[in-house]
Amino acid sequence: MAEKIALITGGSRGLGKSMAFYLADSGNDIVITYNSNKESAEEVVKDIESKGRKAFALQYNSSDFGTLDNFVQQFKDALQKKFNVSSFDFLINNAGIGATIPFEKVTEADFDNFMNIHFKSVYFLCQKLLPLINNNGRIINISTGTTRFVNPGYSMYATMKGAIEVFTRYLAKEAGARGITVNVVAPGPIETDFNNAAIRNNPERKKIMASNTALGRVGEADDIGKVIALICDEKSEWINGQRIEASGGINL
638 MAEKIALITG
648 GSRGLGKSMA
658 FYLADSGNDI
668 VITYNSNKES
678 AEEVVKDIES
688 KGRKAFALQY
698 NSSDFGTLDN
708 FVQQFKDALQ
718 KKFNVSSFDF
728 LINNAGIGAT
738 IPFEKVTEAD
748 FDNFMNIHFK
758 SVYFLCQKLL
768 PLINNNGRII
778 NISTGTTRFV
788 NPGYSMYATM
798 KGAIEVFTRY
808 LAKEAGARGI
818 TVNVVAPGPI
828 ETDFNNAAIR
838 NNPERKKIMA
848 SNTALGRVGE
858 ADDIGKVIAL
868 ICDEKSEWIN
878 GQRIEASGGI
888 NL
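If you read the sequence shown in the working numbering, its first letter stands for residue 638, the second for the next number, and so on.
Put into structure tokens, the structure is as follows:
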């Protein structure tokens with residue numbers, strides 16, 4: 638089987654790091670992006686290379702929409718330089734930020750920043766990279782359980798992710814002629830440093846969330862990394878246009 642290449646935005650830590658490792662373990666080469674933590678990204682690259690796979694890290698600030706074209710060109714250059722190809726197979730739009738902001742305190746600047754990171758940059762990155770994705774490839778967007786159930790303070794974040802869920806279905810329809818599947822994975826509560834480690838730093842909150850989950854715990858990064866690798870597997874090619882909640886069964 639030909640080697641395949643995955644681009645994972647926000648791959649230097651947390652969910653993206655786990656996705657990178659599981660996809661590498663499945664025999665894929667990896668490109669990750671980072672915003673500011675170059676050192677962590679380079680450590681991820683080293684770890685992937687130690688598994689016998691090729692890897693590369695690129696800086697990408699999804700909040701600054703004006704840098705998108707430059708990033709796309711850098712990615713094209715990296716494909717040629719590192720892998721000697723001009724196309725790739727899997728696009729995982731994982732980069733994001735978290736914040737718990739009550740509705741009445743959301744500012745226009747907050748809104749624009751979240752929109753750029755969680756919706757606008759994802760929409761147009763897909764548009765610009767779709768011609769580079771090989772036939773029968775995968776696009777996976779990341780949403781949140783809070784598009785299904787309400788968590789106070791997440792009105793802005795969840796609304797942007799709701800837009801991503803609708804966009805995913807439309808893109809699945811338009812990319813389907815080339816055998817490219819497009820799905821969205823919606824994690825439940827995950828114990829990482831996301832949103833200032835809101836779960837990890839609050840044992841009482843973690844306990845409540847675990848008690849509301851059928852499997853009796855909050856998630857870990859590897860719970861999501863495994864799901865991404867599963868969707869990228871050729872055995873999952875008939876799953877398309879779906880919202881896949883990976884939450885251990887919270888708020889059933």
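Using N, Cα and C, we set each Cβ at its ideal position, and we do this for glycine too. Just so you know, these numbers come straight off a predicted model, no measurement behind them.
Give every residue of the same chain whose Cβ lies closer than 8 angstroms to the Cβ of D662, excluding the five residues on either side of it in the sequence, and list them in chain order.
Here residue 662 refers to the residue found at position 25 when the sequence shown is read from its first residue. For D662, where only same-chain residues beyond five positions count, the Cβ hits under 8 angstroms are K688, A866.
Classification of F725 by the beta-carbon crowding that lies within 10 angstroms, buried from 16 upward:
Residue numbering aside, residue 725 sits at position 88 when the sequence shown is read from its first letter. It counts as buried.
Cβ-based neighbour list, G878, same chain, cut-off 6 angstroms, excluding 5 preceding and 5 following:
Working through the sequence shown from its first residue, we reach residue 878 at position 241. Annotation for G878: R806, A809 place their beta carbon closer than 6 angstroms to its own, counting only its chain and skipping 5 residues before and after.
Kindly list the residues whose CB is nearer than 6 angstroms to the CB of T818, restricted to its own chain and excluding five residues on each side of it in sequence; keep chain order.
Within the sequence shown, residue 818 is the residue found at index 181, counting from 1. Counting only Cβ-Cβ distances below 6 angstroms, and skipping sequence neighbours, we find R775, N877.
Excluding sequence positions up to five away, which residues of its chain have a Cβ less than 8 angstroms from the Cβ of V709?
Residue mapping note: residue 709 aligns to position 72 of the sequence shown, counting from 1. A distance below 8 angstroms between beta-carbons, with the five flanking residues on each side excluded, links V709 to the following residues of its chain, in chain order: L762, K765, L766.
Any idea which residues DSSP pairs E741 with across the strands?
Here residue 741 is taken as the residue at index 104 of the sequence shown, counted from 1. Note: E741 sits in no beta bridge, so no partner.
Could you have a look at G689 and say whether DSSP puts it in helix, strand or coil?
As a first step, residue 689 is located in the sequence shown; it is residue number 52 there, counting from the start. It is coil, neither helix nor strand.
Assuming A692 and I685 make a contact with CB atoms under 8 angstroms, what is their CB distance in whole Å?
Numbered from 1 along the sequence shown, position 55 holds the residue referred to as residue 692. Numbered from 1 along the sequence shown, position 48 holds the residue referred to as residue 685. Right, the Cβ-Cβ distance comes to about 4 angstroms (below 8 angstroms), so this counts as a contact.
How many whole angstroms separate the CB atoms of D666 and R690, which I take to be in contact at a CB cut-off of 8 angstroms?
Your numbering for residue 666 matches position 29 in the sequence shown. Your numbering for residue 690 matches position 53 in the sequence shown. Right, their Cβ atoms sit about 5 angstroms apart.
Per DSSP, what kind of secondary structure is M638 in: helix, strand or coil?
Position 1 of the sequence shown, counted from the start, is the residue given in the question as residue 638. Here the model assigns M638 a pLDDT of 45, short of 50, so the residue's position is not dependable, and the following value carries that caveat. Note: M638 maps to coil in three-state DSSP.
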